[in-house]
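Q:
Number of protein chains: 2
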Amino acid sequence: MASRLLARTPRTTLKRQAQRGSYDREQVHAILDEALVCDLAFSLDGQPYAIPTVHGRIGDTLYLHGSSANRALRALRDGARACVTATLVDGLVLGRSAFHQSINFRCVILYGPAREVEDPREKRDALRAIVEHAIPGRWADTREPNREELLRTLVLAIPIEEASAKVRTGQPVDEDEDYALPCWAGVIPLRMQAEPPVADPRLAAEIPLPEYARAYRRPGSRA
Amino acid sequence: MASRLLARTPRTTLKRQAQRGSYDREQVHAILDEALVCDLAFSLDGQPYAIPTVHGRIGDTLYLHGSSANRALRALRDGARACVTATLVDGLVLGRSAFHQSINFRCVILYGPAREVEDPREKRDALRAIVEHAIPGRWADTREPNREELLRTLVLAIPIEEASAKVRTGQPVDEDEDYALPCWAGVIPLRMQAEPPVADPRLAAEIPLPEYARAYRRPGSRA
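If you read the protein sequences in the order shown, they are chains A and B. Quick note: to get my numbering, add 28 to the position in the first sequence (first position is 1). Quick note: to get my numbering, add 28 to the position in the second sequence (first position is 1).
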């Protein structure tokens, strides 16, 4: 059984503000699940890139997908190192000094390696996880990928092992002498909110809005 | 005067779905301004990293800051290549097939080089831009950085020249034969919403909530 804590490595150990670091597997999973997108960072010919992409998770594995022609995914499949970063912004922190303005956030930084998912069952499960990650309940309503679509799609799996979370919460931490300043201080919370769904104009009038779309909300958002 | 369009380079030219690419300077600026955080990607000893960070913009220059001990910022200052990616998620796209689930998003990908901001006036202006980027009106209320805080802060400037935006908007684009499926299709819009500010418990009761905090909202969010 997987340990509750992820093993620290030199890459995942925070060097400053170590109190913000977390190696709790459940917290890492929760942040990956709440983030709709992540950035996939890689290096080609010495040039770093970070490309936003969607993801899905099954247990201790993160799945990414894209076109089979995608040079980033192909490079990772062929052994290039990867870094996946997912970030949630939870609020603005208004400190009494410019130096102590901050944001409340949660992020996960995960390091490769990536492997191509070739087994047909795992590939389908991974694609389902990516669809369900964004909209729980959606997969069963959609036409599943056909043979050509599967061929055109490259799916990568990254073990969620060499990873850490970094989290800031709560009120500003000001310099002692600044608490006497006549300056408002506090937090402005931010939440990702869903608005009412907008039907495709080509949708037949008799097709009802499914409950998972009508009641859609992101984790942490208000009902 | 800067051209309205950014010059394309091999790195910034989209290879697939080229219709999603934009080299419009104003659109690139608007995305950078709306995004609260970006990911700074860099490579150290062949390992790619992407680290979330806040940013600010003055004209055609993006500013990043961090601890003077931050190894990423120091590496960039010393000539390491950078990629800055800022992403906004605008909605979920519910296509009729799993293959055409998508998200509406806007992102900017910007490539270095970075230079250290050493001029005291530019450094102050950059830090002000970073504070004002998150909360317009905040800088004038805070204590400005003192000499020691400035020494502890490394500010980098990246010209917003080798950059492009990538944007997806609107309804799903399904396969012709899938439009007949009895499957709801459309878009669920998403917006970052501010909630009521929460005062620091250490705040003196007579200090009023400033208007910029009371009425805070992100661009694109509802009043």
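Every residue gets a Cβ at the ideal spot worked out from N, C-alpha and C, and that includes glycine.
For a test of the three-state rule: what should DSSP assign to S105 (chain A), helix, strand or coil?
A: In the sequence under discussion, the amino acid at residue 105 (chain A) is Arg, which differs from the Ser named in the question. Helix, per DSSP.
Q: Since I believe A58 (chain A) is in contact with A69 (chain A) (beta carbons under 8 angstroms), could you give me their beta-carbon distance rounded to a whole number of angstroms?
A: With a Cβ gap of about 22 angstroms, A69 (chain A) and A58 (chain A) do not count as contacting.
Q: Which residues in the same chain as H170 (chain A) place their Cβ atom closer than 8 angstroms to its Cβ, once the five residues preceding and following it in sequence are excluded?
A: Strictly speaking, residue 170 (chain A) in this sequence is Thr, with His absent from that position. Excluding sequence neighbours, T170 (chain A) sits near V159.
Q: Check whether the Cβ atoms of L155 (chain A) and V201 (chain A) sit closer than 8 angstroms, and answer yes or no.
A: Their beta carbons are not under 8 angstroms apart, which means L155 (chain A) does not touch V201 (chain A) by this criterion.
Q: Taking 6 angstroms as the limit between beta carbons, can you name the residues of its chain near V145 (chain A), skipping five residues before and five after?
A: Hits under 6 angstroms: K151, A154, V183 and A185.
Q: So which residues of chain E does V215 (chain B) contact, with C-beta pairs closer than 9 angstroms?
A: Going by chain labels, chain E is absent from the structure shown, which instead holds the protein chains A and B.
Q: State yes or no: is the C-beta of L237 (chain A) within less than 8 angstroms of the C-beta of P225 (chain A)?
A: In this structure, P225 (chain A) lies closer than 8 angstroms to L237 (chain A) by Cβ.
Q: So that I know if they touch, is there some Cβ in chain A lying closer than 8 angstroms to that of I59 (chain B)?
A: Closer than 8 angstroms: no.
Q: With 8 angstroms as the C-beta to C-beta threshold (strictly closer), list the residues of the segment 37 to 54 of chain B near chain A in chain order.
A: Flagged, chain order: R39, K43 and R44.
Q: Could you check whether the Cβ of A168 (chain B) sits closer than 8 angstroms to any Cβ belonging to chain A?
A: False, the Cβ-Cβ gap to chain A never drops below 8 angstroms.
Q: Can you tell me which of the three DSSP states L90 (chain B) falls into?
A: DSSP places L90 (chain B) in strand when its eight states are reduced to three.
Q: In angstroms with no decimal places, state the Cα-to-Cα distance between A30 (chain B) and A191 (chain B).
A: Each residue's Cα considered, the two are about 14 angstroms apart.
Q: Are E62 (chain A) and L120 (chain A) touching if we call contact CB-CB under 8 angstroms?
A: No.
Q: Where do the N-terminal and C-terminal ends of the alpha helix (DSSP H) with Y240 (chain A) fall, by residue?
A: Unbroken alpha helix (DSSP H) run through Y240 (chain A): E239 to R242.
Q: Helix, strand or coil for Y207 (chain A)? Go by DSSP, reduced to three states.
A: Helix.
Q: Identify the residues that DSSP records as bridge partners of Y139 (chain B): which are they?
A: For Y139 (chain B), which the question treats as bridged, DSSP gives the partners B:C111.
Q: By how many angstroms is the C-alpha of L209 (chain B) removed from the C-alpha of L16 (chain A)?
A: The structure shown has nothing for residue 16 (chain A), since chain A only spans 29 to 251.
Q: How should K43 (chain A) be labelled, buried or exposed, when 16 other C-beta atoms within 10 angstroms of its C-beta is the threshold for buried?
A: Exposed, because fewer than 16 other Cβ atoms sit within 10 Å of the Cβ of K43 (chain A).
Q: Going by C-alpha to C-alpha distance, which of B:G94, B:F127, B:P80 and B:V215 sits closest to E203 (chain B)?
A: Cα-wise, what sits closest to E203 (chain B) is B:F127.
Q: Suppose the cutoff is 7 angstroms on Cβ atoms and the five residues either side in sequence are ignored; what does the same chain contact list for G94 (chain B) look like?
A: Contacts found: T81, L101 and L182.
Q: Let me confirm a value: R85 (chain A) is counted as buried when at least 16 other C-beta atoms fall within 10 Å, else exposed. Which label applies?
A: Counting Cβ neighbours within 10 Å, R85 (chain A) comes out buried, since at least 16 surround it.
Q: For the beta strand (DSSP E) containing Q55 (chain A), name the first residue and the last one.
A: Taken as a continuous stretch (DSSP letters only), Q55 (chain A) belongs to no beta strand (DSSP E), being part of the alpha helix (DSSP H) at R53 to E62.
Q: Can you check whether the C-beta of A251 (chain A) is within less than 8 angstroms of a C-beta belonging to chain B?
A: In this prediction, A251 (chain A) has a pLDDT of 48, which is less than 50 and means its spatial position is unreliable; what the coordinates show is noted afterwards. False, the Cβ-Cβ gap to chain B never drops below 8 angstroms.
Q: From the beta carbon of L92 (chain A), is the nearest beta carbon of chain B less than 8 angstroms away?
A: Not one chain B Cβ lies under 8 angstroms of L92 (chain A).
Q: What residues of chain A sit near P238 (chain B), judged by a beta carbon separation below 7 angstroms?
A: Within chain A, the residues near P238 (chain B) are W212.
Q: Taking P148 (chain A) as part of the beta strand (DSSP E), name the residues at either end of that continuous run.
A: P148 (chain A) -> not in any beta strand (DSSP E); alpha helix (DSSP H) instead, spanning P148 to A162.
Q: Using a Cβ-Cβ distance cut-off of 8 angstroms, determine whether D67 (chain B) contacts chain A.
A: Interface residue, yes.
Q: Counting contacts by CB-CB distance shorter than 8 angstroms, is R219 (chain B) in contact with chain A?
A: It does: the Cβ of R219 (chain B) has a partner Cβ on chain A nearer than 8 angstroms.
Q: Going by DSSP, what residue range makes up the beta strand (DSSP E) through R196 (chain A)?
A: Run containing R196 (chain A): A191 to R196, per the beta strand (DSSP E) assignment.
Q: What's the gap between the Cα of E239 (chain A) and the Cα of G165 (chain A)?
A: Each residue's Cα considered, the two are about 9 angstroms apart.
Q: Which residues in chain B have a C-beta closer than 8 angstroms to the C-beta of L209 (chain A)? List them in chain order.
A: Within 8 angstroms Cβ-Cβ: R171.
Q: For P80 (chain A), write down the residues that DSSP places opposite it in a beta bridge.
A: P80 (chain A) is bridged to A:D67.
Q: Go ahead and pull the three-state DSSP assignment for A251 (chain B).
A: Note that A251 (chain B) has pLDDT 48, beneath the 50 cutoff, so the model's placement of it is unreliable and no number is given.
Q: Any beta carbon from chain B within less than 8 angstroms of E143 (chain A)'s own beta carbon?
A: In the sequence as presented, Glu is not what sits at residue 143 (chain A); that position holds Arg. Not one chain B Cβ lies under 8 angstroms of R143 (chain A).
Q: According to DSSP, simplified to helix, strand and coil, what is Q75 (chain B)?
A: Q75 (chain B) falls in the strand class under three-state DSSP.
Q: Report the three-state DSSP secondary structure of R175 (chain B) (helix, strand or coil).
A: Note: R175 (chain B) maps to helix in three-state DSSP.
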